[in-house]
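K.L.:
Number of protein chains: 2
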Amino acid sequence: MKIKQLITGILLSTCALSVSANTAFKEPSDAIKYRQAAFSMISVQIGDMGAMLKGKVPFDAEQFKMRANNAAALSKMPWEAFYAGTDKGDTSALAAIWSENEAFVKKAAAFAENADKLALAAQTGEKAKIGKAFGAWAKGCKDCHKQFKD
Amino acid sequence: MKIKQLITGILLSTCALSVSANTAFKEPSDAIKYRQAAFSMISVQIGDMGAMLKGKVPFDAEQFKMRANNAAALSKMPWEAFYAGTDKGDTSALAAIWSENEAFVKKAAAFAENADKLALAAQTGEKAKIGKAFGAWAKGCKDCHKQFKD
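Protein chains in written order, with numbering that gives the first Met the number 0: chain A, 0 to 149; chain B, 0 to 149.
Here you go:
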């Protein structure tokens, strides 16, 4: 619970940014590119971990740990780039992100939290545990996209 | 020294991948996009931390820590995507990356190591220490680009 509260707290404070500009981005298009870069990198982690778990490529515990650590770090990053004004442009973001922002932030926090759990599970080297944690994290993509992505 | 050896070890083992394909990428263009996404995200961390240190935007210790943690994670990520065959395409990577690979890997390891040091410095909240660590890390960009980027 402590970790969950911490991550939710971080994301909620990050989302305080979502009503104003973010000093890291000059233009909304910079923010859009940033979050798309983060999601594209997350997708690479999912793809390789999924392939290892499905046996499409050999399972390599060290490589899996690296992927899970990458996933944990990257899963915290896109959210700050969803501030007001970044709904227009070359983006698939739906307006619901801002009109139902609390639900969006909760899903983002759950995604980040599940990635941390995956990184911890990867440390154990236990494939059953890892597979379960991977599934819980990875399903967060679709779960969020169906409500918030075009 | 222990951290340095560890990071160099990780990067050297990652660069074992650089002679063969990487299971995470179907096509060389996927790897090129991945490393470019990582560098673009690194650039955002540099920009915002630099602006805070130069007083262009208010210094926010918590935001700086978040940026430094992002930097530490991201600075480990691009390197696996420089494997043989990813020298052609929409890339500014110079052939020297592969012909002088040992020097490239050393610079990559130093960059990752300096980002870890920056993340540690950010925890102290001491601006002089943070500024020094930021400079040491950020100069790694130019230092590597002049030899390895078009």
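All residues carry an ideal CB built from backbone N, CA and C; glycine is no exception.
#1: Would you mind giving the Cβ-Cβ distance between A:F150 and A:F110, rounded to the nearest angstrom? I have them listed as a contact below 8 Å.
#2: May I ask you to report which of helix, strand or coil DSSP gives A:K87?
#3: Under a CB-based cut-off of 9 Å, is B:Y155 close to chain A?
#4: According to the neighbour-count rule (16 or more other Cβ atoms, all chains shown, within 10 Å of its Cβ), is A:K25 buried or exposed?
#5: Could you spell out the range, first to last residue, of the alpha helix (DSSP H) harbouring A:L117?
#6: From B:K32 to B:A94, what distance separates their C-alpha atoms?
#7: Just checking, does the stretch 57 to 74 of chain B make contact with the stretch 39 to 46 of chain B on the three C-beta pairs under 8 Å criterion?
#8: Would you mind giving the Cβ-Cβ distance between A:G139 and A:K106, rounded to the nearest angstrom? I have them listed as a contact below 8 Å.
#9: Spell out whether any CB of chain A is found under 9 Å from the CB atom of B:N68.
#10: Are the stretch 117 to 133 of chain B and the stretch 80 to 97 of chain B touching by the rule of at least three beta carbon pairs closer than 8 Å?
#11: Name the DSSP bridge partner or partners of B:A92?
#12: Check whether chain B comes within 9 Å of A:M76, counting only Cβ atoms and requiring the distance to be less than that.
#13: Could you check how far apart the C-beta atoms of A:A80 and A:A30 are, in whole angstroms? I think they sit under 8 Å.
#14: Does DSSP classify B:G130 as helix, strand or coil?
#15: One question on the structure: do A:N69 and A:Q35 come within less than 9 Å of each other, judged by their Cβ atoms?
#16: If you measure between the beta carbons of A:A114 and A:K64, is that distance less than 9 Å?
P.N.:
Answer, in terms of the structure:
#1: Residue 150 of chain A lies beyond the stretch modelled for chain A, which goes from 0 to 149, so this question has no answer here.
#2: Indexing the first sequence from 1 puts residue 87 of chain A at position 88. Coil, per DSSP.
#3: The question about residue 155 of chain B has no answer here: the residues shown for chain B are numbered 0 through 149.
#4: In the first sequence, counting from the first residue as 1, residue 25 of chain A sits at position 26. Exposed: under 16 other Cβ atoms inside 10 Å.
#5: Numbered from 1 along the first sequence, position 118 holds the residue referred to as residue 117 of chain A. Segment N100 to T123, the alpha helix (DSSP H) holding A:L117.
#6: Position 33 of the second sequence holds residue 32 of chain B. Position 95 of the second sequence holds residue 94 of chain B. The alpha-carbon separation between B:K32 and B:A94 amounts to approximately 18 Å.
#7: yes
#8: Position 140 of the first sequence, counting from 1, holds the residue named residue 139 of chain A. Position 107 of the first sequence, counting from 1, holds the residue named residue 106 of chain A. Their Cβ separation, rounded to whole angstroms, is 7 Å, which keeps A:G139 and A:K106 in contact under 8 Å.
#9: Sequence index remark: in the second sequence, residue 68 of chain B carries index 69 (1-based). Yes, B:N68 lies at the interface with chain A (some Cβ there is under 9 Å from its Cβ).
#10: no
#11: Against the second sequence, residue 92 of chain B aligns to sequence position 93. According to DSSP, which records beta bridges pairwise, B:A92 is partnered with B:K148.
#12: Position 77 of the first sequence holds residue 76 of chain A. A:M76 counts as touching chain B.
#13: Working through the first sequence from its first residue, we reach residue 80 of chain A at position 81. Working through the first sequence from its first residue, we reach residue 30 of chain A at position 31. Between A:A80 and A:A30, the beta carbon gap of about 4 Å places them in contact (Cβ cut-off 8 Å).
#14: Stepping through the second sequence from its first residue, residue 130 of chain B is reached at position 131. Helix at B:G130.
#15: The count along the first sequence starts at 1 and reaches residue 69 of chain A at position 70. The count along the first sequence starts at 1 and reaches residue 35 of chain A at position 36. No.
#16: Translated into positions along the first sequence, residue 114 of chain A becomes position 115. Translated into positions along the first sequence, residue 64 of chain A becomes position 65. The answer is no: Cβ separation not under 9 Å.
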